[in-house]
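*Asks:* One structure, pasted below without further comment.
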Amino acid sequence: MRAVRTASRSDPVWVAECQMRFYAEERPFAAQIFGGQPERMRTAAEMAEEVGADILDVNCGCPAPKVVKHGGGSALLKDHERLETILKEIKKAITIPLTIKIRAGFCDLTINAVETAKLAEACGVEHIALHGRTKEQGYRGLANWDLVKQVKEAVKVPVSGSGDVTTIEGAFARFRETGCDGVLIGRGAMANPWIFRQIEDASQGREPFQPSLADKREILLEYFDMLREDMPATPAINRMKQLAGQFTRGLQGGALFRTSLYHSHSVEEILSRIKEYFSAIETGQPYYGEAGAQVEEAPVLDSCEAAA
Ligand SMILES: Cc1cc2nc3c(=O)[nH]c(=O)nc-3n(C[C@H](O)[C@H](O)[C@H](O)COP(=O)(O)O)c2cc1C
């Protein structure tokens, strides 16, 4: 017999389980958790293992105030004692590999990625990802990839770098310059989700895959379906506006299309605007969007807080 719990959006366990749902083809599947309380972090890690995650990642990079003020995300960069307790607690509780995502440091005066990485390795962390900006920097300026090199030289576990990679050449250059084991791509993949396949193609000596307009339309529609499976219509519509903003940059009539999405308030409107736009540009017709509309854009999605 299976125990049945009443599911509700106000039940944090149910919400967490929903957030950790994944498709079999997504394996290996890593669940990332954030927080500042060792006990709760351990419970969350246990839950992730229980729902089938292959890897447990601890977020020590999120700069969002609502995360940092509770001692989580990048707040852990300036509280190594707490970080050590959290990592040791989690390590005792799970059998899947434990990994960590860090930033350069909390602020310019306290750059400590190398120390954080060494501490994590000593606690049994098996992979370190570094976004070379500080918490205070947020997403301003450029990521410091020299720090990725320093971390790679300081620890034995694999190290990946993150920050500002948007092209195939950029990814190869970061591997070459730093000797890192992996390159993470965030915003670049939101604008071009085929970038991983293109890098793989190039590394195998193949011509990189070029998506057609039909591929772009299909992926927008598929993403919208997945959002609606995961959340109520309004947040799904808002996320869709943000993704479409990244995704259609450079396409003919893209700004007018994004404006028309920005002004859409229902699932049906979003779907018909996507179809309208792509059928115009796929057949080479000009796209005029809404008559007389001023170009307006959804806010840029550039932090974990925006995505939360
Ligand atoms: C919308 C958004 C959401 C993000 N959410 C997370 C997150 O949940 N966990 C995390 O470790 N990093 C998160 N990041 C940070 C990225 O993993 C990455 O380190 C950062 O964006 C820099 O890389 P990029 O220049 O390739 O985007 C997020 C970034 C963006 C833009």
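Converting from the sequence shown to our numbering requires adding 339 to each position, the first position being numbered 1.
Beta carbons are placed, not taken as given, at the ideal position from N, Cα and C, and that holds for glycine.
In this text, all values refer to a predicted model and were calculated from it rather than measured experimentally.
Where do the N-terminal and C-terminal ends of the beta strand (DSSP E) with Asn398 fall, by residue?
*Replies:* 394-399 is the extent of the beta strand (DSSP E) around Asn398.
*Asks:* Alpha carbon to alpha carbon, what distance is there between Thr622 and Ile524?
*Replies:* About 32 Å.
*Asks:* DSSP three-state call for Lys491: helix, strand or coil?
*Replies:* Correct three-state label for Lys491: helix.
*Asks:* Could you check which residue in Thr598, Glu508, Tyr562 has the C-alpha nearest to that of Ile538?
*Replies:* Here the closest residue by C-alpha is Glu508.
*Asks:* Measure the beta-carbon distance from Phe445 to Glu475 and round it to whole angstroms, keeping in mind my assumption that it falls under 8 Å.
*Replies:* At roughly 7 Å, the Cβ-Cβ gap stays under 8 Å, so Phe445 and Glu475 are in contact.
*Asks:* Is Gly589 buried or exposed, if buried means 16 or more other CB atoms sit within 10 Å of its CB?
*Replies:* Exposed, since its Cβ has fewer than 16 Cβ neighbours within 10 Å.
*Asks:* Excluding the 5 residues preceding and the 5 following Val359 in the sequence, name in chain order all residues of the same chain whose CB lies nearer than 8 Å to its CB.
*Replies:* Residue 359 is actually Met in this sequence, not Val. Ala370, Met386, Ala387, Val390, Ala392.
*Asks:* Pick out the complete beta strand (DSSP E) segments inside the region 459-541, 3 residues or longer, and give them in chain order.
*Replies:* Listed in chain order, the complete beta strand (DSSP E) runs (minimum 3 residues) inside the region 459-541 are 466-473, 498-501, 521-523.
*Asks:* Kindly examine ligand 3 and report whether one of its heavy atoms sits closer than 8 Å to the Cβ of Met529.
*Replies:* This structure lacks ligand 3; its bound ligands are ligand 1.
*Asks:* Compare the beta carbon distance of Ala459 and Gly471 with 9 Å and say whether it is the shorter of the two.
*Replies:* Taking 9 Å as the Cβ cut-off, Ala459 and Gly471 do not qualify as a contacting pair.
*Asks:* What does the Cβ neighbour count give for Ser618, buried or exposed, with the cut at 16 atoms within 10 Å?
*Replies:* Ser618 should be labelled exposed.
*Asks:* Who pairs with Ile439 in a beta bridge, going by DSSP?
*Replies:* Partner(s): Val397, Ile467.
*Asks:* Please confirm whether Thr517 and Ile534 have their CB atoms less than 9 Å apart.
*Replies:* Contact: no.
*Asks:* Pro497 to Ile613, Cα distance in whole Å?
*Replies:* The alpha-carbon atoms of Pro497 and Ile613 are separated by roughly 42 Å.
*Asks:* Rounded to a whole number of angstroms, what is the C-alpha to C-alpha distance between Ala583 and Cys401?
*Replies:* Each residue's alpha carbon lies about 24 Å from the other.
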